[in-house]
Amino acid sequence: MRQFLLLALLPLAAFGQPNGWNDPFPPHKVMDNFYYVGTKELASFLIVTPQGNILMNSNYEASVPVIKANVEKLGFKFSDTKILIAGHAHPDHVEGDALVKELTGAQVVVGRVDEAKTKEFRPGGKDHPIDRLVDDGETVTLGGTTLTAHSMPGHTRGCLAWSTSLKENGKTYYAFIECSLNGQFLQTLDNYPGIVEDFRGTYKKARTFPVDVFLSSHASFYGLAAKYEKLQKRGPGDPNPFVDPQGYQAHVDEYEKTFEAALARRQAQAAQSKDLGKEK
Ligand SMILES: [Zn+2]
159 MRQFLLLALL PLAAFGQPNG WNDPFPPHKV MDNFYYVGTK ELASFLIVTP QGNILMNSNY
219 EASVPVIKAN VEKLGFKFSD TKILIAGHAH PDHVEGDALV KELTGAQVVV GRVDEAKTKE
279 FRPGGKDHPI DRLVDDGETV TLGGTTLTAH SMPGHTRGCL AWSTSLKENG KTYYAFIECS
339 LNGQFLQTLD NYPGIVEDFR GTYKKARTFP VDVFLSSHAS FYGLAAKYEK LQKRGPGDPN
399 PFVDPQGYQA HVDEYEKTFE AALARRQAQA AQSKDLGKEK
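The sequence shown runs 159 to 438 under our numbering.
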């Protein structure tokens, strides 16, 4: 039991791909020129423009064939990918960058603060390609679509969320692609001074975005499975299930609570081991 608990606290990356995360998931239109092309759990998005496409998140290297097949199922060409926006510096979002670059020649855009960490992921010894570094507030534009980067440090120091505007039935929506608000593991507490302040600032900042379309780096963070089901049953005049401002705010609340609880447990453990040290 104890061993199980320890395992549960270790970063997922240490064990490779968690079961089922990389399974295929039906690609679909989210809204306007914005499509889901990721796996069952690891979100990737395709933004289609007249000047080529933007791909957000390559995920694991083993996810790339799944993403490529999804792009083709939607009727687009993977080789039309002109820009790859790399997710935050964890292998489940950026390990496949080199393979995407190899297959498409896309320009790889990485958050400046996550540059060094991102470069650590070199599947098969390949160098990690990085063509452009972006900071908070900078934009990526292609064929009339602009995405804006928002610094959301905590999950990684350079975690970037992205926003853009999408249209449907004559209305314009603020779409927000979250980085990750997940602070339940806190494995980086000791080698990330300031992580607590960063997370708290990020939860606060997260509430300031006027989110209509709620998307994230993990499908489960925005309840994709249930929303996809609704999308399948959507009739004319039914709301778009991805428009979910309340779901977004509830997600921020939930992850903030989880983080504070994990932090309290961690601090209690630290105090306990300090006491044990004194007894020696
Ligand atoms: Zn992550």
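Even for Gly, the Cβ is constructed at its ideal location relative to N, Cα and C.
In the three-state reduction of the DSSP assignment, E253 falls in the coil class, being assigned neither a helical nor a strand state.
CA-CA distance, N340 to T303, rounds to 28 Å.
Taking 3 residues as the shortest admissible run, the stretch 358 to 405 contains the following complete beta strand (DSSP E) segments, listed from N- to C-terminal end: 371 to 373. In the DSSP assignment, A244 falls outside any alpha helix (DSSP H), carrying neither H nor E. CA-CA distance, H308 to L261, rounds to 28 Å.
Between the stretch 392 to 402 and the stretch 209 to 217, the count of C-beta pairs closer than 8 Å stays below three; the two stretches do not touch. In the three-state scheme derived from DSSP, where H, G and I count as helix and E and B as strand, E326 is classed as strand. With 16 or more neighbouring CB atoms inside 10 Å of its own CB, G196 falls in the buried class. The stretch 192 to 209 and the stretch 217 to 235 touch, with no fewer than 3 CB-CB distances between them shorter than 8 Å. The shortest CA-to-CA distance from R365 to any of F379, K284, N327, D411 is the one to D411. K284 sits in coil when the DSSP states are folded into three classes, being neither helix nor strand.
Going by C-alpha positions, P287 is about 43 Å away from G393. In this structure, the beta-carbon distance from D356 to G312 falls below 8 Å. Around the beta carbon of K235, fewer than 16 other beta carbons lie within 10 angstroms, which makes this residue exposed. In this structure, the alpha-carbon of G269 lies about 13 Å from that of H251.
8 Å or more divides the Cβ of S375 from the Cβ of A256. Cα atoms of V354 and Q404: separation of roughly 26 Å, rounded to the nearest angstrom. Remark: fewer than three beta-carbon pairs, one from each stretch, lie closer than 8 Å, so the stretch 280 to 295 and the stretch 326 to 340 are not flagged as touching. A Cβ-Cβ contact shorter than 8 Å links D272 with T314. For L300 against I243, the beta-carbon gap comes to about 11 Å, at or over 8 Å, which does not count as contact. Within a 10 Å sphere around the beta-carbon of S378 sit fewer than 16 other beta-carbons, which makes this residue exposed. If the five residues before and after S323 are omitted, its C-beta is found closer than 8 Å to the C-beta atoms of T330, Y331, Y332, A333, all from its own chain and listed in chain order. A residue is called buried once 16 or more other Cβ atoms fall within 10 Å of its Cβ, and N349, having fewer, is exposed. Scanning K226, Y361, K385, C337 for the CA closest to the CA of M189 turns up K385.
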